[in-house]
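To start, the structure under review is shown below, and the notes come after it.
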Amino acid sequence: MSKICVIGTGYVGLVTGTCFADMGNDVTCVDIVEEKIARLKRGEVPIYEPGLAEMIARNVRAGRLHFTTSYREGLADSEFIFIAVNTPTGSTQGSADMRYVEMAARMIAEELDHYAVIINKSTVPVGSGDVVTRIIRTHLARPDVSFAVVSNPEFLREGAAIQDFLNPDRVVLGSSDMEAAHRVAALYLPLRAPIIMTDIYTAEMIKYASNAFLATKISFINEIAQICERLGADVKEVAVGMGYDKRIGRAFLDAGLGYGGSCFPKDVRALAHMADEAGLHPQLLHAVMEINQDQRRLVVDKLVSILGSLRNATIGILGLAFKANTDDMREAPSLDIIRWVTGQGALVRAYDPVARETARQAMEREGIRLDLVTFCSNAYEVAEQADAIIIVTDWNEFKSLDMVQIRNLMRRPVLIDGRNIYEPREMVSLGFTYRGIGRGTGP
Ligand code: NAD
114 MSKICVIGTG YVGLVTGTCF ADMGNDVTCV DIVEEKIARL KRGEVPIYEP GLAEMIARNV
174 RAGRLHFTTS YREGLADSEF IFIAVNTPTG STQGSADMRY VEMAARMIAE ELDHYAVIIN
234 KSTVPVGSGD VVTRIIRTHL ARPDVSFAVV SNPEFLREGA AIQDFLNPDR VVLGSSDMEA
294 AHRVAALYLP LRAPIIMTDI YTAEMIKYAS NAFLATKISF INEIAQICER LGADVKEVAV
354 GMGYDKRIGR AFLDAGLGYG GSCFPKDVRA LAHMADEAGL HPQLLHAVME INQDQRRLVV
414 DKLVSILGSL RNATIGILGL AFKANTDDMR EAPSLDIIRW VTGQGALVRA YDPVARETAR
474 QAMEREGIRL DLVTFCSNAY EVAEQADAII IVTDWNEFKS LDMVQIRNLM RRPVLIDGRN
534 IYEPREMVSL GFTYRGIGRG TGP
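Going by the working numbering, the sequence shown opens with residue 114, and the numbers climb by one from there.
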């Protein structure tokens, strides 16, 4: 059993803290947002993540998981301090905003009164380990205290975060202090995952390179989709045919609206920025971002090409979260799509199984006119008097809708399937004007 402090109770911090507690450690999670901690203390979970609420409750009951806004309380006797705060895009050039990591480092320094290993789990630009070390050294309230810094990027996916944390493909640890890295490795030993020990810069880069590669796969298949559509091939079958090749793999070859969320967009941007800053010309990364943005426009173009003008049209939106099984709205394609269609005079009827509240807040933040958006309580309500429906998120519950009922409820049976969850021929036979992404129907 180790004593662990986790700074930041977002998707990564809360899952990390809870899973380490579940593995038998004594964990205190710290956040600066009082309301978040108050809710956690009341037994509420501020984010939607399957299985997390039950796991938190179990570990709180067992006395292994605690929440506080006090760094002093969180750090007390902690051998390991994980930094898991947000690193959003910070400038128009795309660099990562390090202000939360820097703040966390300073606050740790001000309270640290014993040796501890400080582990950076946030995704941070190459070289940030040095920055964190410098900040802590400069602000140590007790300059006699020693510490080590280890980089330990996280690879979990929202929506499957617990499963991913407990079954990682690998654990990456970077440090110049191998003894400290080995101590962190010991925390992960029960997971029986391959552990990669490297230097801190390389560990930080492994995270960016991994996310950029996955984003590249998505943009690659989206480019292939556009070619398929023009030439009559079906990208869904192309992806299956490619995916059986072990050198390629089927994952992340789903053509559609492109990637969104709190990681891929900002991480590809930040990596491109790092390269730009270093005097390089990261043309592949720029193409990946451009293709991704085009995919979102494409569905609106398809809509306009069918409906003509969108003025006074009612557009149904199925799914708001950036992907299924999460309530996260950061950089969700739905936001761009809703902004564009309302901008052209359309009304929107929208439904998401869990992201209704986070979507409302995100739209407000982004200046989307909420008076043009009606939030519905299921897909059938969305269909009522709609001139078209766009499937934006591939939630399971959208995969087996009664499409005859959906069609009958609509004013015009236009279906834009931004996630390719329905079969074109079947939808056409039901009377829909159907458009998927890259789904040519052969000769
Ligand atoms: P998040 O925005 O959900 O959570 C961050 C939390 O940190 C918030 O609760 C915020 O209040 C808190 N915080 C900010 N500054 C703080 C401070 N100084 N002290 C204490 N708490 C503070 O972010 P997230 O999605 O959990 O991501 C965290 C990091 O992990 C990011 O760098 C991200 O790139 C990386 N990451 C995220 C995912 C993911 O799927 N979300 C996956 C892998 C890696």
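We put the CB at the ideal spot given by N, CA and C, even for glycine.
Taken through DSSP and simplified to helix, strand or coil, V413 comes out as helix. Annotation for R443: G374, S375 and F435 place their beta carbon closer than 7 Å to its own, counting only its chain and skipping 5 residues before and after. Assigned with DSSP and collapsed to three states, V158 falls in coil, not helix or strand.
Going by DSSP, G354 is part of the alpha helix (DSSP H) stretching over V348 to G356. Annotation for P307: R283 place their beta carbon closer than 6 Å to its own, counting only its chain and skipping 5 residues before and after.
By the criterion of at least three beta-carbon pairs nearer than 8 Å, the segment 376–389 is in contact with the segment 191–208.
DSSP lists A209 as the beta-bridge partner residues of T202.
As computed with DSSP, G287 is found in a beta bridge with S264 and T311. DSSP places L188 in the uninterrupted alpha helix (DSSP H) bounded by Y184 to L188. Along the segment 369–453, the alpha helix (DSSP H) occurs as fully enclosed runs of 4 or more residues at 377–390 and 396–420, listed in sequence order. Cα atoms of V413 and S447: separation of roughly 11 Å, rounded to the nearest angstrom. Assigned with DSSP and collapsed to three states, A298 falls in helix. For the pair V401 and V381, the CB atoms are nearer than the 8 Å cut-off.
Contact annotation, G130 with V198: C-beta distance approximately 13 Å; criterion of less than 8 Å not satisfied. If you ignore the 5 residues before and after R524, its C-beta comes within less than 8 Å of the C-beta of T427, Q498, A499 and D500, all in its own chain and listed in chain order. Counting C-beta atoms within 10 angstroms of its own C-beta, A254 has fewer than 16 neighbours from the protein chains shown and is therefore classed as exposed. By the CB criterion at 8 Å, V263 and S241 fall outside the cutoff. Beta bridge pairing from DSSP links R548 with I529. Check the Cα spacing between I231 and each of R212, A294 and V237: the tightest is with A294.
Counting along the chain, Y124 sits inside the alpha helix (DSSP H) bounded by residues Y124 to D135. Within its own chain, the residues whose Cβ lies closer than 7 Å to the Cβ of G362, once the five positions on either side in sequence are excluded, are G356, listed in chain order. At least one heavy atom of the ligand NAD sits closer than 7 Å to the Cβ of C376. Around the beta carbon of K154, a 10 Å sphere encloses fewer than 16 other beta carbons of the protein chains shown; the residue is thus reported as exposed. Taking S332 as reference, the option from Q408, L302 and T236 with the minimal CA-CA separation is Q408. The ligand NAD never approaches V158 closely enough for any of its heavy atoms to be under 7 Å from the residue's Cβ.
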